[in-house]
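Beneath this line is the structure, given in C-alpha coordinates, with notes to follow.
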(Lines of atoms letter the chains of each structure in order from A and count residues from 1; the text may use other names and numbers.)
(Lines give C-alpha, C1' and ligand atoms only; values in the text may rest on other atoms or scores of the structure.)
Protein backbone atom coordinates (compact mmCIF):
# COMPACT_ATOMS: atom_id res chain seq x y z
CA UNK A 1 0.00 0.00 0.00
CA UNK A 2 1.37 3.43 -1.00
CA UNK A 3 -0.12 6.39 0.82
CA UNK A 4 -0.26 9.94 -0.44
CA UNK A 5 -1.07 11.44 2.95
CA UNK A 6 -0.16 10.47 6.49
CA UNK A 7 -3.76 10.37 7.61
CA UNK A 8 -5.94 7.61 9.03
CA UNK A 9 -8.42 8.15 6.20
CA UNK A 10 -5.75 6.98 3.75
CA UNK A 11 -5.74 3.53 5.39
CA UNK A 12 -9.32 2.71 4.37
CA UNK A 13 -10.20 1.69 7.92
CA UNK A 14 -13.84 1.42 6.90
CA UNK A 15 -12.98 -2.03 5.56
CA UNK A 16 -12.20 -3.21 9.10
CA UNK A 17 -15.89 -2.92 10.00
CA UNK A 18 -16.53 -5.97 7.80
CA UNK A 19 -13.57 -8.20 8.67
CA UNK A 20 -14.37 -11.13 10.95
CA UNK A 21 -12.68 -11.37 14.34
CA UNK A 22 -10.79 -14.48 13.26
CA UNK A 23 -9.39 -12.75 10.17
CA UNK A 24 -8.67 -9.37 11.74
CA UNK A 25 -5.02 -9.90 12.73
CA UNK A 26 -4.09 -11.55 9.44
CA UNK A 27 -5.80 -8.86 7.39
CA UNK A 28 -4.04 -6.04 9.24
CA UNK A 29 -0.70 -7.83 8.96
CA UNK A 30 -1.14 -8.03 5.19
CA UNK A 31 -1.74 -4.27 5.09
CA UNK A 32 1.72 -3.65 6.66
CA UNK A 33 0.26 -1.17 9.12
CA UNK A 34 3.50 -1.27 11.11
CA UNK A 35 5.01 0.97 8.41
CA UNK A 36 2.79 3.82 9.66
CA UNK A 37 3.21 3.49 13.43
CA UNK A 38 4.76 6.92 14.02
CA UNK A 39 1.74 8.85 12.78
CA UNK A 40 -1.04 6.23 12.81
CA UNK A 41 -1.01 5.54 16.54
CA UNK A 42 -1.23 9.14 17.87
CA UNK A 43 -4.00 9.87 15.36
CA UNK A 44 -5.86 6.76 16.48
CA UNK A 45 -5.62 7.87 20.11
CA UNK A 46 -6.97 11.30 19.12
CA UNK A 47 -10.06 9.68 17.62
CA UNK A 48 -10.74 7.90 20.90
CA UNK A 49 -10.09 11.11 22.80
CA UNK A 50 -13.01 12.72 20.97
CA UNK A 51 -15.45 10.09 22.23
CA UNK A 52 -18.11 10.72 24.84
CA UNK A 53 -17.84 8.40 27.84
CA UNK A 54 -21.02 6.63 28.95
CA UNK A 55 -21.72 4.50 32.02
CA UNK A 56 -20.26 1.29 30.57
CA UNK A 57 -17.92 0.15 27.84
CA UNK A 58 -20.43 -1.39 25.48
CA UNK A 59 -22.69 1.68 25.49
CA UNK A 60 -19.66 3.93 25.02
CA UNK A 61 -18.73 1.91 21.96
CA UNK A 62 -22.22 1.81 20.47
CA UNK A 63 -22.86 5.53 20.97
CA UNK A 64 -19.54 6.63 19.47
CA UNK A 65 -19.20 4.17 16.57
CA UNK A 66 -21.78 5.76 14.30
CA UNK A 67 -19.93 5.24 11.01
CA UNK A 68 -17.62 2.66 9.48
CA UNK A 69 -14.50 4.80 9.86
CA UNK A 70 -14.85 5.05 13.64
CA UNK A 71 -15.79 1.36 13.85
CA UNK A 72 -12.62 0.61 11.93
CA UNK A 73 -10.54 2.69 14.33
CA UNK A 74 -11.96 0.77 17.27
CA UNK A 75 -11.32 -2.57 15.63
CA UNK A 76 -7.74 -1.53 14.87
CA UNK A 77 -7.25 -1.01 18.62
CA UNK A 78 -8.21 -4.69 19.09
CA UNK A 79 -5.49 -5.98 16.80
CA UNK A 80 -2.49 -7.76 18.30
CA UNK A 81 -0.21 -4.84 19.05
CA UNK A 82 2.93 -6.41 17.56
CA UNK A 83 1.21 -6.21 14.17
CA UNK A 84 0.83 -2.43 14.51
CA UNK A 85 4.14 -1.76 16.29
CA UNK A 86 6.71 -4.06 14.75
CA UNK A 87 9.57 -3.49 17.19
CA UNK A 88 7.86 -2.62 20.44
CA UNK A 89 10.97 -1.93 22.50
CA UNK A 90 12.09 0.64 19.92
CA UNK A 91 8.66 2.29 19.76
CA UNK A 92 7.29 1.63 23.25
CA UNK A 93 4.92 4.59 23.63
CA UNK A 94 2.06 2.82 21.85
CA UNK A 95 3.14 -0.77 22.47
CA UNK A 96 1.25 -3.62 24.14
CA UNK A 97 0.94 -2.14 27.64
CA UNK A 98 -0.64 1.08 26.34
CA UNK A 99 -4.49 1.00 26.36
CA UNK A 100 -5.22 3.03 23.23
CA UNK A 101 -8.87 3.86 23.92
CA UNK A 102 -8.23 4.72 27.57
CA UNK A 103 -5.20 6.78 26.56
CA UNK A 104 -7.49 8.86 24.36
CA UNK A 105 -9.70 9.68 27.36
CA UNK A 106 -6.64 10.36 29.50
CA UNK A 107 -4.79 12.53 27.00
CA UNK A 108 -7.72 14.50 25.60
CA UNK A 109 -10.18 14.63 28.52
CA UNK A 110 -8.07 14.28 31.66
CA UNK A 111 -9.33 10.90 32.86
CA UNK A 112 -6.94 8.72 34.84
CA UNK A 113 -6.54 5.04 34.06
CA UNK A 114 -7.44 4.10 37.62
CA UNK A 115 -10.91 5.60 37.10
CA UNK A 116 -11.65 2.77 34.66
CA UNK A 117 -10.58 -0.04 36.98
CA UNK A 118 -14.12 -0.96 38.06
CA UNK A 119 -15.75 0.21 34.83
CA UNK A 120 -18.48 -2.13 33.61
CA UNK A 121 -17.87 -3.55 30.15
CA UNK A 122 -14.19 -2.65 30.16
CA UNK A 123 -13.49 -5.60 27.88
CA UNK A 124 -14.90 -3.53 25.01
CA UNK A 125 -12.34 -0.77 25.55
CA UNK A 126 -9.15 -2.78 26.17
CA UNK A 127 -7.17 -4.99 23.82
CA UNK A 128 -7.92 -8.59 24.92
CA UNK A 129 -4.43 -9.57 26.14
CA UNK A 130 -4.11 -6.40 28.19
CA UNK A 131 -7.60 -6.86 29.61
CA UNK A 132 -6.71 -10.37 30.79
CA UNK A 133 -3.53 -9.04 32.41
CA UNK A 134 -5.30 -6.31 34.38
CA UNK A 135 -8.73 -7.63 35.28
CA UNK A 136 -8.00 -10.64 37.46
CA UNK A 137 -10.46 -12.74 39.49
CA UNK A 138 -8.21 -12.69 42.56
CA UNK A 139 -5.89 -10.16 44.13
CA UNK A 140 -2.30 -10.00 42.94
CA UNK A 141 0.25 -11.15 45.54
CA UNK A 142 2.33 -8.40 47.11
CA UNK A 143 5.95 -9.48 46.97
CA UNK A 144 9.13 -7.83 48.15
CA UNK A 145 11.62 -6.59 45.59
CA UNK A 146 14.10 -9.37 46.35
CA UNK A 147 11.49 -12.07 45.75
CA UNK A 148 10.39 -10.51 42.47
CA UNK A 149 13.99 -10.47 41.33
CA UNK A 150 14.40 -14.12 42.32
CA UNK A 151 11.38 -15.10 40.25
CA UNK A 152 12.60 -12.98 37.35
CA UNK A 153 16.01 -14.59 37.44
CA UNK A 154 14.40 -18.03 37.49
CA UNK A 155 12.16 -17.13 34.57
CA UNK A 156 14.98 -15.73 32.45
CA UNK A 157 17.37 -18.64 32.84
CA UNK A 158 17.92 -21.11 30.01
CA UNK A 159 17.33 -24.62 31.38
CA UNK A 160 18.47 -26.68 28.39
CA UNK A 161 20.51 -26.42 25.21
CA UNK A 162 23.86 -24.76 24.56
CA UNK A 163 22.90 -21.71 26.69
CA UNK A 164 21.85 -23.73 29.75
CA UNK A 165 22.67 -21.78 32.90
CA UNK A 166 22.83 -18.46 31.07
CA UNK A 167 20.14 -15.78 31.34
CA UNK A 168 18.03 -13.95 28.83
CA UNK A 169 18.05 -10.16 28.96
CA UNK A 170 15.11 -8.73 30.96
CA UNK A 171 14.84 -5.66 28.74
CA UNK A 172 14.20 -7.74 25.60
CA UNK A 173 12.39 -10.86 26.93
CA UNK A 174 8.62 -10.54 26.73
CA UNK A 175 7.73 -13.49 28.98
CA UNK A 176 9.16 -15.57 31.81
CA UNK A 177 9.73 -19.32 31.59
CA UNK A 178 9.57 -22.15 34.14
CA UNK A 179 7.99 -20.18 36.97
CA UNK A 180 5.02 -22.46 37.60
CA UNK A 181 4.82 -23.09 41.31
CA UNK A 182 5.98 -19.59 42.21
CA UNK A 183 3.68 -16.87 43.56
CA UNK A 184 3.35 -15.44 40.03
CA UNK A 185 3.11 -18.74 38.19
CA UNK A 186 -0.64 -18.74 37.58
CA UNK A 187 -0.94 -15.11 36.50
CA UNK A 188 -1.27 -14.06 32.83
CA UNK A 189 2.06 -13.63 31.07
CA UNK A 190 1.65 -9.86 30.66
CA UNK A 191 0.96 -9.55 34.40
CA UNK A 192 4.11 -11.52 35.19
CA UNK A 193 6.10 -9.29 32.85
CA UNK A 194 4.77 -6.10 34.43
CA UNK A 195 5.45 -7.22 37.99
CA UNK A 196 9.00 -8.38 37.26
CA UNK A 197 9.74 -5.38 35.01
CA UNK A 198 10.75 -7.24 31.90
CA UNK A 199 10.36 -6.18 28.27
CA UNK A 200 8.18 -3.05 27.98
CA UNK A 201 7.92 -2.75 31.77
CA UNK A 202 11.70 -2.51 32.05
CA UNK A 203 12.79 1.00 33.13
CA UNK A 204 14.70 1.29 29.86
CA UNK A 205 11.49 1.15 27.81
CA UNK A 206 8.52 2.08 29.96
CA UNK A 207 6.44 5.19 29.28
CA UNK A 208 3.66 6.97 31.13
CA UNK A 209 1.22 5.96 28.39
CA UNK A 210 1.42 2.40 29.74
CA UNK A 211 -0.29 0.56 32.57
CA UNK A 212 2.58 -1.03 34.49
CA UNK A 213 1.08 -1.78 37.90
CA UNK A 214 -2.01 -4.05 37.89
CA UNK A 215 -2.81 -2.86 41.42
CA UNK A 216 -2.70 0.85 40.54
CA UNK A 217 -3.09 1.63 36.86
CA UNK A 218 -1.58 5.12 37.10
CA UNK A 219 1.40 4.14 39.25
CA UNK A 220 4.93 4.14 37.83
CA UNK A 221 6.60 1.45 39.98
CA UNK A 222 10.02 2.02 41.47
CA UNK A 223 12.68 0.16 39.47
CA UNK A 224 13.56 -3.27 40.82
CA UNK A 225 17.12 -2.58 39.72
CA UNK A 226 18.42 0.98 39.50
CA UNK A 227 19.42 2.04 36.01
CA UNK A 228 22.90 3.57 35.61
CA UNK A 229 21.37 6.35 33.52
CA UNK A 230 17.88 7.73 34.17
CA UNK A 231 15.37 6.33 31.70
CA UNK A 232 13.24 8.63 29.57
CA UNK A 233 9.69 8.17 30.84
CA UNK A 234 7.51 10.44 28.75
CA UNK A 235 5.33 11.84 30.22
CA UNK A 236 -21.80 -2.31 4.11
CA UNK A 237 -23.90 -2.32 7.16
CA UNK A 238 -24.16 0.30 9.78
CA UNK A 239 -24.68 -2.12 12.67
CA UNK A 240 -22.11 -3.69 14.98
CA UNK A 241 -23.09 -7.37 14.76
CA UNK A 242 -20.35 -8.45 17.17
CA UNK A 243 -22.02 -6.36 19.90
CA UNK A 244 -25.39 -8.10 19.61
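In the numbering used here, the protein residues as written are 908 to 1151. Glycine included, C-beta positions come from ideal geometry on N, C-alpha and C. Note that the structure is predicted; figures quoted are calculated from it, not measured.
query: Can you give the beta carbon distance from residue 965 to residue 1028, rounded, assuming they're within the 8 Å contact cut?
result: 4 Å
message: Excluding the 5 residues flanking residue 1059 on each side, which residues of the same chain have their C-beta closer than 6 Å to its C-beta?
response: 1103
query: Quick check: the segment 1042-1052 against the segment 986-1004, are there 3 or more CB pairs under 8 Å?
result: no
message: Strictly by DSSP, which residues pair up with residue 1064?
response: 1074
field: Spatial distance of residue 982 from residue 923 (CA atoms)
entry: 7 Å
query: In whole angstroms, what separates the C-alpha of residue 919 from that of residue 976?
result: 8 Å
Run of the alpha helix (DSSP H) containing residue 925, from where it starts to where it stops: It is not in any alpha helix (DSSP H) - residue 925 carries neither H nor E in the DSSP assignment.
message: Here's the rule: buried if 16 or more other CB atoms are within 10 angstroms of the residue's CB, otherwise exposed. What is residue 916?
response: exposed
- prompt: Should the segment 1113-1125 be called in touch with the segment 1012-1021, which here means at least 3 C-beta pairs below 8 Å?
  reply: yes
- request: Quick one: give me the first and last residue of the alpha helix (DSSP H) that residue 1015 is part of.
  value: 1007-1016
- prompt: With contact counted as at least three CB pairs below 8 Å, one residue from each stretch, are the segment 1065-1074 and the segment 1095-1115 in contact?
  reply: no
- request: Closer than 6 Å by C-beta to residue 1033: which residues in its own chain qualify, once you throw out the five before and the five after it? Chain order, please.
  value: 1006
query: What residue from 1043, 963, 1078 has the CA that sits closest to residue 996's CA?
result: 1078
task: Determine the DSSP secondary structure at residue 919, reduced to helix, strand or coil.
output: coil
query: For residue 941, which residues from the same chain have a beta carbon less than 7 Å from its beta carbon, with the 5 sequence-adjacent residues on both sides left out?
result: 990, 991, 992, 993
field: Nearest-angstrom Cβ-Cβ length linking residue 1121 and residue 1041, presumed shorter than 8 Å
entry: 5 Å
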